[in-house]
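Each remark here refers to the structure printed beneath this line.
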Amino acid sequence: MHLFVVIIVTLLYFVVSRCPNYCSGHGKCQLNDVCQCEVGWGADSDISDYKSHDCSKRICKSGKSWANLPDFSGNAHSTLAECSGIGICNRTTGLCNCPDNYFGNSCERKGCPNKCSGHGLCYSMSQLAHLSSSYPLVNATFSYQLDSNSSNTWDSDRLYGCVCDSSWAVGFQSGETQEAEWFGADCSLRHCPSADNPRTTNVETDCHNITASGTNIAGDIGNLCQVDCANQGICNYKTGECQCFKNFYGVYCNISDSLAGKVSNGQTIEMIEESITVIESLKGQYVG
1 MHLFVVIIVT
11 LLYFVVSRCP
21 NYCSGHGKCQ
31 LNDVCQCEVG
41 WGADSDISDY
51 KSHDCSKRIC
61 KSGKSWANLP
71 DFSGNAHSTL
81 AECSGIGICN
91 RTTGLCNCPD
101 NYFGNSCERK
111 GCPNKCSGHG
121 LCYSMSQLAH
131 LSSSYPLVNA
141 TFSYQLDSNS
151 SNTWDSDRLY
161 GCVCDSSWAV
171 GFQSGETQEA
181 EWFGADCSLR
191 HCPSADNPRT
201 TNVETDCHNI
211 TASGTNIAGD
221 IGNLCQVDCA
231 NQGICNYKTG
241 ECQCFKNFYG
251 VYCNISDSLA
261 GKVSNGQTIE
271 MIEESITVIE
281 SLKGQYVG
């Protein structure tokens with residue numbers, strides 16, 4: 001008898017129910033002929049400007065909107081939006097199609113430009129704040145923690161930046177250089193070999209007591225300045241190679257015509273080679 005009643009009630013449900021497409025199997029039909037969709041298919045808790053009445057279309061993950069108006073308290077980026085308001089939801093799969101360089105289930109993160117061109121490491125804003133290598137010219141680290149109610153740190157775990165590689169140490173200590181080898185937002189640019197200008201008596205690469213640009217810190221004894229191409233050439237920052245000015249040569253452009261062939265004490269390579277030839281001939285005479 002109990003089974004009979006259940007069957008009758010079930011049949012009455014489908015006969016009386018007039019919900020569109022029987023809620024597509026992803027919801028329950030209410031007595032007012034309105035579907036109560038499941039989460040991810042248009043539930044009341046789902047965040048989306050698009051919800052199908054028959055629960056037939058998927059809803060994608062939501063995240064803090066990349067662009068929205070601040071509230072009366074001056075806070076922004078706290079409003080949730082499907083695909084973070086930057087991606088397009090695939091209604092069949094329920095997955096966000098993110099624009100280039102955006103990633104995450106809801107396109108909630110923006111990656112490093114050009115993946116740091118293979119010449120750097122990519123970190124989030126909060127990670128960068130704790131890395132000493134992010135501040136080689138400050139000698140300090142900071143805290144940049146996520147606060148969902150702050151318009152200042154909303155990007156703590158969402159924006160990413162590059163820390164560029166360098167084959168030489170960067171900093172203010174002895175033997176360190178105040179500029180890194182690779183630079184630029186995507187680490188795609190490369191400094192040329194550094195050397196002193198052969199036409200001056202100054203040592204341009206000496207950064208002792210020289211304050212780095214953008215800081216108030218000066219270099220210690222032995223600290224180095226980066227002088228591309230000895231100031232006697234133009235650096236091709238794409239290749240990291242020097243194009244020397246007329247009458248200057250070498251990888252560093254620090255050899256001039258007046259210095260070419262000079263060894264020491266005013267002697268030239270040709271003079272030394274001639275002396276070696278004479279000595280060898282004399283040796284031959286004594287040996288014979």
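The opening residue of the sequence shown carries number 1 in the UniProt record's numbering; numbering runs sequentially from there.
C-beta: ideal position from N, C-alpha, C; glycine also.
Since this is a predicted model, take the numbers as computed values, not measurements.
Own chain, CB closer than 6 Å to residue i, minus 5 neighbours either side, in chain order
i	result
residue 290	Not covered by the structure: residue 290. The range shown for the chain is 1 to 288.
residue 85	65, 66
residue 243	233, 234
residue 18	33
residue 60	82, 83, 89, 94, 96
residue 167	181
residue 27	35, 36, 37, 38, 55
residue 254	195, 198, 230
Under the three-state DSSP convention, the category residue i falls into
i	result
residue 98	coil
residue 50	coil
residue 14	With a pLDDT of only 49 at residue 14, under the threshold of 50, the placement of this residue in the model should not be trusted, and no figure is reported.
residue 180	coil
residue 219	strand
residue 85	helix
residue 107	coil
residue 21	helix
residue 207	coil
residue 236	strand
residue 192	coil
residue 229	helix
residue 90	coil
residue 55	coil
Rounded Cβ spacing between residue i and residue j (contact assumed at less than 8 Å)
i	j	result
residue 160	residue 110	6 Å
residue 35	residue 29	6 Å
residue 220	residue 173	6 Å
Own chain, CB closer than 8 Å to residue i, minus 5 neighbours either side, in chain order
i	result
residue 80	47, 62, 63, 64, 65
Short CB-CB distance (under 8 Å) between residue i and chain C
i	result
residue 143	Protein chains in the displayed structure number just one, and chain C is not present.
Residue i vs residue j beta-carbon contact at 8 Å
i	j	result
residue 56	residue 106	no
residue 119	residue 165	yes
residue 212	residue 252	no
residue 210	residue 225	yes
residue 223	residue 176	yes
residue 289	residue 123	Outside the modelled stretch of the chain, which goes from 1 to 288, sits residue 289, for which no answer is possible.
residue 58	residue 40	yes
Cβ neighbours of residue i in the same chain (closer than 7 Å, five flanking residues each side left out)
i	result
residue 43	37
Cβ-heavy atom distance, residue i to the ligand ZN, below 7 Å
i	result
residue 115	Because no ligand of any kind appears in the structure shown, any question about the ligand ZN cannot be addressed here.
**Item:** Entirely enclosed alpha helix (DSSP H) segments - the segment 111 to 176, minimum 4 residues
**Value:** 125 to 130
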